[in-house]
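Number of protein chains: 4
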Amino acid sequence: MTHNIAILGASGYTGAELVRLIATHPNMRITALAANSKAGQSMGQVFPHLRHLDLPDLVTIEEIDFSGIDLCFCALPHKTSQEVIANLPRDLKIVDLSADFRLRDPAAYEKWYGNPHAAPEVQQEAVYGLTEFYREDIRSARLVAGTGCNAATGQYILRPLISAGVIDLDEIILDLKCGVSGAGRSLKENLLHAELSEGYHAYSVGGTHRHLGEFDQEFSALAGRPVEIQFTPHLIPANRGILATGYVRGEAAQIHATLAAAYANEPFVVVLPMGETPSTRHIRGSNFCHIGVVADRRAGRAIVIAALDNLTKGSSGQALQNANLMLSEPETTGLMLAPVFP
Amino acid sequence: MTHNIAILGASGYTGAELVRLIATHPNMRITALAANSKAGQSMGQVFPHLRHLDLPDLVTIEEIDFSGIDLCFCALPHKTSQEVIANLPRDLKIVDLSADFRLRDPAAYEKWYGNPHAAPEVQQEAVYGLTEFYREDIRSARLVAGTGCNAATGQYILRPLISAGVIDLDEIILDLKCGVSGAGRSLKENLLHAELSEGYHAYSVGGTHRHLGEFDQEFSALAGRPVEIQFTPHLIPANRGILATGYVRGEAAQIHATLAAAYANEPFVVVLPMGETPSTRHIRGSNFCHIGVVADRRAGRAIVIAALDNLTKGSSGQALQNANLMLSEPETTGLMLAPVFP
Amino acid sequence: MTHNIAILGASGYTGAELVRLIATHPNMRITALAANSKAGQSMGQVFPHLRHLDLPDLVTIEEIDFSGIDLCFCALPHKTSQEVIANLPRDLKIVDLSADFRLRDPAAYEKWYGNPHAAPEVQQEAVYGLTEFYREDIRSARLVAGTGCNAATGQYILRPLISAGVIDLDEIILDLKCGVSGAGRSLKENLLHAELSEGYHAYSVGGTHRHLGEFDQEFSALAGRPVEIQFTPHLIPANRGILATGYVRGEAAQIHATLAAAYANEPFVVVLPMGETPSTRHIRGSNFCHIGVVADRRAGRAIVIAALDNLTKGSSGQALQNANLMLSEPETTGLMLAPVFP
Amino acid sequence: MTHNIAILGASGYTGAELVRLIATHPNMRITALAANSKAGQSMGQVFPHLRHLDLPDLVTIEEIDFSGIDLCFCALPHKTSQEVIANLPRDLKIVDLSADFRLRDPAAYEKWYGNPHAAPEVQQEAVYGLTEFYREDIRSARLVAGTGCNAATGQYILRPLISAGVIDLDEIILDLKCGVSGAGRSLKENLLHAELSEGYHAYSVGGTHRHLGEFDQEFSALAGRPVEIQFTPHLIPANRGILATGYVRGEAAQIHATLAAAYANEPFVVVLPMGETPSTRHIRGSNFCHIGVVADRRAGRAIVIAALDNLTKGSSGQALQNANLMLSEPETTGLMLAPVFP
């Protein structure tokens, strides 16, 4: 059975990545592509790497007839997304890739995003989209809120450890290195090639990055009490990839065993043998997440490192994985592409 | 029907790229992987990006039992390849990715490669592997010689023009820009990241690059008289991609029409609308080749530009395309992956 | 004697490069920095790499008192520059880095830039700023028009050959590869890191690049008859550098001898031994230009290649070299910095 | 007065960087360049970016007559350095850039480097080369041991804090990101451009990096009791630069004040205003080190970040700074070059 798919916000990187992945999906057909600023153009004009595909031209959201659509991906900017989704038909399945429905508490949303939520009642029905941990809820969800790409990476290493109680909850530091495409296709001076190439730096230092809202929400829920980690993202001159280096207190062997057990049956999350560590180059362009654990020289401390592709497992791949669940497709369909190296 | 596949030279980039592509092929099963220098290791150790695949461990070539193998890819270094292939079973289909069987004339081989050919009798049965132009011969070949990646790119823009007689045969200049992975995984000082990054240069200037042997052979055969082009490759600080800028004499509209007609039914070669030009970023990681034509401001001159991925369409993708033909599979199977951008 | 220097347009890359170079100049003092969009900020805020220097804060052009200024660099956008310069005091020496005063013929200016020149009378007194060829005129000039960075690179290889009559004037092809910083600091989608990194392409193909106006003007003047070359620039994922590959008709030995003689006493233009070719990595960050000549395998044809840094020798370094001449300083002062490699 | 300088190991990156810097030094003359593997070649052949300089050809170490040499830089590989230096004339001033004389305790040396020290008696007279903290000893030293580039970066942020007692000595984590040139010019598969470009990873995780020997030695000496930090380096696809992100316990305002006071009169170490953080792109190619401090959202925790260029301030620039002191030159001579951006 073929599912009819719409993508709103198709002119951004996550929109393009969705199209790339769905192109190999045997049971999905893209029937509408919306991008208000580029309406009227073909997808091949906006993204020439997709020109070989038979795709509908870009239209405005208003032009879409949702009656025949089974599932809609929203890859719109934050804030726009909540306004659009609030007005979509109630019988439409939706996977949102924006930040708008990630935080369940409206106060937390307002704290991290600076404005009151425009659709708090829709927020209530959203399921958090970290597939491996919300799988059953996602199957029956109408609206799934895709996670932040940094938030996903950090949770892959920390959730099982927090749940199992094998690390000190008050001593978690996450030092994250992310590629440039995570910042999207927006026109900012600090995203120019001449600015970024050959240099790197930290940003949102000291606990101001919005993905901390997700960490706080999820880790506190898991622990049953407030958990606040330290989190510093860094921008690296590469297009794709997130490498999260976690510093935790606990026994490395136990930490490794906990993670290995947690992901033993997961198709996309790979725990490396004890002592090995991952590289972003080995997951580039794929839906895989590689995790490594190393004991520190100081007893009772460990370093846990995860690598994933921010556009795939961190965003559009996750979205497709969730859509598969919502449409009762095998979860891995369209997502087993091998990483591209070199 | 599943075909059993062996890959010799699996520890190089073209070997890894073959594995990446075949992983999505429904009717091929990799049953042997050889890499003498890394025999005993798993493919995941040598190429961690392939660790999710269920693959045989690396062995030496001598350890392979070829009796159950249907087709063998040889991704060995030049010169080694001819020695190995001369000793492979006669009933084995072979796609060679080295330079060893590209030149039909033993004297030409010796001129460009500096040593007499070790298996000239095997050379005689080799079919040149530029799929779009040798398709019928490839279907029934025992041994197909994969083209040089630069040679493929130049031929895609020039062959139809030479055949149609729409350009001046004595005034062809090809200025080519290629990514680093084309040089392979060999340990050379000039391939270090610190040497290459952020700089670019020409190499093999003045007509000394070995791929000229292929151009001379193929263009002269097409024209029915000697054709010698000018050819200058440049090394660009990017991993994948070849961009070939051809300067030719002829009417741009006629040139465009000739190319458009030649590739009208080709699944992988795309001729852009008149005046548009390609970018390597839009074919990265895929088997597509994009071609553009622009008229120069001086009448009677045109610029013809092609872009392809040296590891895919220029090498391992081409090899798989040829293997599909040899095994009576649909030609595009396993090769319709969309390019990875950004 | 210390010269007081103003820089208009200090918030762009060429402005910053001027400051970097002048910082090592013993006899120049920067007394005014203008950047209307960032007036009020310190230079260290706009360019943190210059924060260790003792510099005046950015002001608007209107705020500058030019009475004490000896020389003014204009690193403003095209079109703005002509309007500003027309209103500067008549006794001020000016080095303009924009395109506004490069073309002597108002009709040529309008043809290439699309608008009538706003200060044609000022244009008449401008001296073309290619130092090695206009040195004496520059010494006594009030206004020097810095060349295009691509135009400079092409002229370094072609001017001596045209003057000496050793190449065929109707058969000149220039295939140029330039780094990203040449496009400046403007906010354009195609200059984003995620767009450019790891890919490359041609642009302004077919004779539409504005620097052709300079080539036409200069080469025709040298030859005493119209000369029109073919010119294709390509954008390469590196920050700095231009590599110009010239295809010419003539005897390579004579071509090499002509270039070697032309630059024998030049401090910044280095002709490599016959057969060697340059790389942008070996001139990065410096005012040097390296030139190489190779004979093609086809008699009577040669490849001539030049490498320089677009921001230094192609723009701000050239500007400082000219300013030295205008202020009767030794020409090389502040410009002997070695290239930065790796 | 001109000092005669020899450089041993001139064919590596730190050797070339020394030549680049000394080229602008008014009172140093390079009179001997040794590189055993490339003896007989000119420096311009080995490093074409230095071809404009008038330099002696490369010789073997044995060929050097040290009688007229005032100071010798040793940029040799570890282990070779100690053997060579043990046999140099006793009246020669030496700045060693290798790891051989950094650790004062022979047992610590053997622990971190795996072999007994070949010249322990020479070790005893070596002064640790972190200029800002050993300035007076360096002035009168015969042998100065250049620090590890990572070790220098970490010490710049941590030494003043440990000395002042404003951070918890048992809770120091240093997450470091370094560019590729720090690994030198050696032929290793993992340093190839195709391997490194567009990916990043941690290495020597868990307390195995040799620069920890320096941290342990220096921090314990400062604190008067054993101090063991956690340290994880990461390899970033850029040529130059180290960014060290330190996680410490203490009051951010006090930490910032302590660092600002410590470096108030230092010419090369810049403490940014509270809350600002550095980027490697703003110190590239220069001898500057930028330091930033940010308070974490959790009280009593701070993030301290330093950026420097591993080849300059982290190695050859530091060496020249020390040589200036040893030769009674102004400390900053030859080192005030502005960073190169973009």
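Order-wise, the sequence lines are chains A, B, C and D. So the first sequence is numbered by UniProt numbering: it starts at 1 and just counts up by one. So the second sequence is numbered by UniProt numbering: it starts at 1 and just counts up by one. So the third sequence is numbered by UniProt numbering: it starts at 1 and just counts up by one. So the fourth sequence is numbered by UniProt numbering: it starts at 1 and just counts up by one. Using N, Cα and C, we set each Cβ at its ideal position, and we do this for glycine too.
Secondary structure remark: continuous beta strand (DSSP E) runs of at least 3 residues inside the stretch 66-104 of chain A, in chain order: 71-74 and 93-96. At a cut-off of 9 angstroms between beta-carbon atoms, residue 230 of chain C makes contact with chain B. In the structure shown, residue 253 of chain C adopts helical secondary structure according to DSSP, grouped into three states. Residues of the UniProt domain "Semialdehyde dehydrogenase NAD-binding" (4-141) of chain B whose Cβ lies closer than 8 angstroms to any Cβ of chain A, in chain order: 13, 16, 19, 20, 23, 24, 47, 48, 49, 50, 51, 52 and 53.
DSSP places residue 288 of chain B in no beta strand (DSSP E); its state is neither H nor E.
Spanning the alpha carbons of residue 259 of chain C and residue 193 of chain B requires a straight line of approximately 33 angstroms. DSSP, reduced to helix, strand and coil, places residue 122 of chain A within a helical segment of the structure shown.
Residue 251 of chain A and residue 207 of chain D have their C-alpha atoms some 15 angstroms from each other.
Taken atom to atom, the span from the alpha-carbon of residue 17 of chain D to that of residue 138 of chain A is near 57 angstroms. Counting only runs of 3 or more residues that sit fully inside the stretch 157-203 of chain C, the beta strand (DSSP E) segments are 173-178, in chain order. The shortest CA-to-CA distance from residue 15 of chain B to any of B:269, B:184, B:29 and B:238 is the one to B:184. Using a C-beta cut-off of 8 angstroms, the stretch 37-50 of chain D makes no contact with the stretch 69-76 of chain D, since fewer than three inter-stretch Cβ pairs fall below that distance. Interface annotation, residue 313 of chain B: not in contact with chain D, CB-CB separation never under 9 angstroms.
Close CB contacts of residue 86 of chain B within its chain, under the 6 angstroms cut and outside five residues either way in sequence, are with 119 and 122 (chain order).
For the pair residue 83 of chain B and residue 322 of chain B, the Cα-to-Cα distance works out to about 22 angstroms. Residue 191 of chain C and residue 180 of chain C do touch by the CB rule: their CB atoms are close to 7 angstroms apart, below 8 angstroms. Residues of the stretch 195-211 of chain D with a Cβ closer than 9 angstroms to any Cβ of chain B, in chain order: 195, 196, 197 and 198. The C-alpha of residue 241 of chain B is placed about 36 angstroms away from the C-alpha of residue 263 of chain C. Contact note: residue 193 of chain B reaches chain D through 180, 191, 192, 193, 195, 196, 197, 237 and 239, using a C-beta cutoff of 8 angstroms and chain order.
When C-beta atoms of the stretch 212-227 of chain D are compared with those of the stretch 215-231 of chain B, fewer than three pairs fall below 8 angstroms, so the two segments do not count as touching. Counting the other CB atoms within 10 Å of its CB gives residue 148 of chain C a total of 16 or more, which places it among the buried residues.
Note on geometry: alpha-carbon atoms of residue 269 of chain D and residue 55 of chain B lie some 53 angstroms from one another.
When C-alpha distances from residue 291 of chain A are compared across B:12, B:51, B:287 and B:273, the shortest belongs to B:51. Excluding the 5 residues flanking it on each side, residue 104 of chain C has no same chain C-beta neighbour closer than 6 angstroms. Here residue 253 of chain D is exposed: its Cβ has fewer than 16 other Cβ atoms, across all protein chains shown, within 10 Å. A Cβ of chain A is located within less than 9 angstroms of the beta carbon of residue 338 of chain B.
By the C-beta density criterion, residue 140 of chain D is exposed, having fewer than 16 other C-beta atoms within 10 angstroms. Residue 140 of chain B sits in coil when the DSSP states are folded into three classes, being neither helix nor strand. By DSSP's assignment, residue 230 of chain C forms a beta bridge with C:173. Of all residues in the stretch 278-303 of chain D, the ones placed with a Cβ closer than 9 angstroms to any Cβ belonging to chain C are 278, 279, 281, 282, 283, 284, 285, 286, 288 and 290, in chain order. Contact between residue 320 of chain C and residue 3 of chain C does not hold, since their C-beta atoms are separated by about 11 angstroms, which reaches or exceeds 8 angstroms.
The Cβ atoms of residue 155 of chain B and residue 176 of chain B do not sit closer than 9 angstroms to each other.
When rounded, the separation of the alpha-carbon atoms in residue 162 of chain A and residue 226 of chain A is 12 angstroms. The Cβ atoms of residue 21 of chain B and residue 335 of chain B lie closer than 9 angstroms to each other.
Within the stretch 147-161 of chain C, no residue places its CB atom closer than 7 angstroms to a CB of chain B. Contact between the stretch 302-309 of chain C and the stretch 272-285 of chain C is present, with at least three C-beta pairs closer than 8 angstroms.
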